[in-house]
Amino acid sequence: MIYDLHTHSTASDGSLSPTQLVQLASTNGVETLALTDHDTTEGIKEAVAAAKDNNINIINGIEFSVTWQDKTIHVVGLNIDIENNDLKAGINHLQTYRLKRAQAISEQLDVQAGIEGALEGAESFSQSSMIGRVHFAQFLVKNGYAKDIKQVFKKYLIKNKPGYVKDTWASLEDVIHWITQAGGIAVIAHPARYQLKLKKLRILVDAFANMGGRAIEVVSGSQCADEIPKMSRLAEEFNLHASIGSDFHSAEMSWNRLGKFPALPLSCKPISELL
Ligand code: AMP
Ligand code: MN
Ligand code: MN
Ligand code: MN
1 MIYDLHTHST ASDGSLSPTQ LVQLASTNGV ETLALTDHDT TEGIKEAVAA AKDNNINIIN
61 GIEFSVTWQD KTIHVVGLNI DIENNDLKAG INHLQTYRLK RAQAISEQLD VQAGIEGALE
121 GAESFSQSSM IGRVHFAQFL VKNGYAKDIK QVFKKYLIKN KPGYVKDTWA SLEDVIHWIT
181 QAGGIAVIAH PARYQLKLKK LRILVDAFAN MGGRAIEVVS GSQCADEIPK MSRLAEEFNL
241 HASIGSDFHS AEMSWNRLGK FPALPLSCKP ISELL
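Residue numbering for the sequence shown follows my numbering, beginning at 1 and increasing consecutively.
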């Protein structure tokens, strides 16, 4: 069975609609696909409908934004009941925060870099109610402030740059609670990407497991393949299942190969056992 358990659509900052994403997954031989948009489940119904014509099994998913010890961490929820009230309240909270943060980013870009109208600009690139930094990046590229998305992040959107806003997302505990209340499985997304020393990463994974987290992405298209053995040992140490996903956003982004990545090491307990 070919699984891809971490992907994005136009419901957040991906460039394909849920239907187009399902079609590409089918072309690439994916049999089980999780749609995991940032802090929203808005695209799931369309993905489920599209999957019926494409012989694909859809896992209802989400990628939640968390602030843990001053760091932004992403936690994927898989197999969630999208009608669950705790989950819906959590999503509402983060969507409201996203809007407030977008206003702050826009204000910063105006005051610090003299760039006007960034909020409206970013909104024009969002195809849903979710607004994120990628939409700001698209607006800035279109207006010639940088040559591509990667450059915009480097020049404007990360720490110490004019459009940077310190995030206060949800707590790790709340996010795991929302996911588990909705019957889902909480997974630490791309653990190798947080620039945490192994000691700190172990503290994160330990806290996550103690709060009811069940799995960790051992293989992710958005983290280097060299990290697989280390992440696999971490999964084993904390008795977590191993997940796998491309973190697909668009055909242009480098970590973009929907359904194409190395296999999970045989020593791992595959997350498929829980799905
Ligand atoms: P946000 O949740 O609004 O802060 O946006 C985070 C998203 O921005 C990630 O999921 C990626 O899609 C994108 N992103 C983050 N860092 C970079 C980067 N250095 N280059 C390109 N895209 C990035
Ligand atoms: Mn993204
Ligand atoms: Mn992420
Ligand atoms: Mn992602």
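Each residue gets a CB set at the ideal place from its N, CA and C atoms; glycine is no exception.
Quiz item: Between D247 and ligand 4, is the CB less than 7 angstroms from at least one heavy atom?
Solution: If you number the sequence shown from 1, residue 247 lands on position 247. Yes, Cβ of D247 sits closer than 7 angstroms to a heavy atom of ligand 4.
Self-check item: DSSP-derived helix/strand/coil call for W279
Solution: Within the shown structure, residues of the chain are numbered from 1 to 275, placing residue 279 beyond reach of any answer.
Self-check item: beta strand (DSSP E) segments (min. 3 residues) lying fully within the segment 173–248
Solution: The segment 173–248 contains these whole beta strand (DSSP E) runs: 185–188, 215–220, 241–245.
Quiz prompt | N60 to T32 span [Cα, whole Å] | solution = Locating residue 60 in the sequence shown gives position 60, counting from the first residue. Locating residue 32 in the sequence shown gives position 32, counting from the first residue. Pairing N60 with T32, the inter-Cα distance amounts to about 11 angstroms.
Quiz item: Is T32 near ligand 4, in the sense that its beta carbon is under 7 angstroms from a heavy atom of that ligand?
Solution: Indexing the sequence shown from 1 puts residue 32 at position 32. For T32, the shortest C-beta to heavy atom distance toward ligand 4 is 7 angstroms or greater.
Practice problem: In the DSSP assignment, find the beta strand (DSSP E) that holds F64 and state where it starts and stops. | Solution: Against the sequence shown, residue 64 aligns to sequence position 64. Secondary structure note for F64: its beta strand (DSSP E) is the uninterrupted segment 57–68.
Quiz item: So which residues touch the region around ligand 5, with touch meaning a C-beta under 6 angstroms from any heavy atom?
Solution: In the structure on display, ligand 5 does not appear, and the ligands it does have are ligand 1, ligand 2, ligand 3 and ligand 4.
Quiz item: Does the segment 150–166 come close enough to the segment 189–196 to have 3 or more Cβ pairs within less than 8 angstroms?
Solution: The segment 150–166 vs the segment 189–196: no contact.
Quiz prompt | Run of the beta strand (DSSP E) containing I44, from where it starts to where it stops | solution = Within the sequence shown, residue 44 is the residue found at index 44, counting from 1. Looking at the DSSP string, I44 is not in any beta strand (DSSP E); the run it does join, the alpha helix (DSSP H), is 44–54.
Quiz item: When burial is assigned at 16 or more other CB atoms within 10 Å of the CB, is S126 buried or exposed?
Solution: Numbered from its first residue, the sequence shown carries residue 126 at position 126. Classification for S126: buried.
Quiz item: With burial defined as no fewer than 16 other Cβ atoms inside 10 Å of the residue's Cβ, what is the status of P18: buried or exposed?
Solution: Counting from 1 along the sequence shown, the entry for residue 18 is found at position 18. P18 counts as buried, since no fewer than 16 other beta carbons sit within 10 angstroms of its beta carbon.
Self-check item: Under 8 angstroms between C-beta atoms of D4 and G183
Solution: Indexing the sequence shown from 1 puts residue 4 at position 4. Indexing the sequence shown from 1 puts residue 183 at position 183. Not a contact, by the Cβ cut-off of 8 angstroms.
Quiz item: Which class does V30 belong to by DSSP, given the choice of helix, strand or coil?
Solution: Your numbering for residue 30 matches position 30 in the sequence shown. Assigned with DSSP and collapsed to three states, V30 falls in coil, not helix or strand.
Quiz item: Does the beta-carbon distance from R233 to L274 come in below 8 angstroms?
Solution: For the purposes of this step, residue 233 is identified with residue 233 of the sequence shown, where counting begins at 1. For the purposes of this step, residue 274 is identified with residue 274 of the sequence shown, where counting begins at 1. Contact annotation: R233 and L274 have beta-carbon atoms that are not nearer than 8 angstroms.
Quiz item: Would you say I91 and I44 are within 8 angstroms of each other, going by their C-beta atoms?
Solution: Counted from its first residue, the sequence shown places residue 91 at position 91. Counted from its first residue, the sequence shown places residue 44 at position 44. For I91 and I44, no; Cβs fall outside 8 angstroms.
Quiz item: Expressed to the nearest angstrom, what Euclidean distance is found between the alpha-carbon atoms of R257 and G221?
Solution: The count along the sequence shown starts at 1 and reaches residue 257 at position 257. The count along the sequence shown starts at 1 and reaches residue 221 at position 221. For the pair R257 and G221, the Cα-to-Cα distance works out to about 7 angstroms.
Self-check item: Any C-beta of chain B under 8 angstroms from that of L87
Solution: Considering every chain present, this structure includes no chain B. It has just one protein chain.
Quiz prompt | I73 - containing beta strand (DSSP E), residue span | solution = Numbered from 1 along the sequence shown, position 73 holds the residue referred to as residue 73. For I73, the enclosing beta strand (DSSP E) starts and ends at 71–78.
Exercise. Would you tell me roughly how many angstroms separate the C-alpha atoms of L140 and A146, rounded to the nearest one?
Key: Numbered from its first residue, the sequence shown carries residue 140 at position 140. Numbered from its first residue, the sequence shown carries residue 146 at position 146. Between L140 and A146, the C-alpha separation is close to 7 angstroms.
Quiz prompt | G121 - containing alpha helix (DSSP H), residue span | solution = As a first step, residue 121 is located in the sequence shown; it is residue number 121 there, counting from the start. Under the DSSP assignment, G121 falls in the alpha helix (DSSP H) whose first and last residues are 118–125.
Quiz item: So, helix, strand or coil for D4, using DSSP?
Solution: Along the sequence shown, one-based indexing puts residue 4 at 4. DSSP places D4 in strand when its eight states are reduced to three.
Quiz item: Which value, in whole angstroms, describes the spacing of the CA atoms of S272 and E46?
Solution: On the sequence shown, position 272 is the one that residue 272 refers to. On the sequence shown, position 46 is the one that residue 46 refers to. Taking C-alpha positions only, S272 is separated from E46 by approximately 23 angstroms.
Quiz item: Say the cut is 7 angstroms; is the CB of E252 nearer than that to a heavy atom of ligand 4?
Solution: Reading the sequence shown from its first residue, position 252 is the one you call residue 252. Not one heavy atom of ligand 4 falls within 7 angstroms of the beta-carbon of E252.
Practice problem: Please check the pair L78 and I185, which I expect to be a contact at CB under 8 angstroms, by giving their CB distance rounded to whole angstroms. | Solution: Here residue 78 is taken as the residue at index 78 of the sequence shown, counted from 1. Here residue 185 is taken as the residue at index 185 of the sequence shown, counted from 1. The Cβ separation is near 5 angstroms, so the contact holds.
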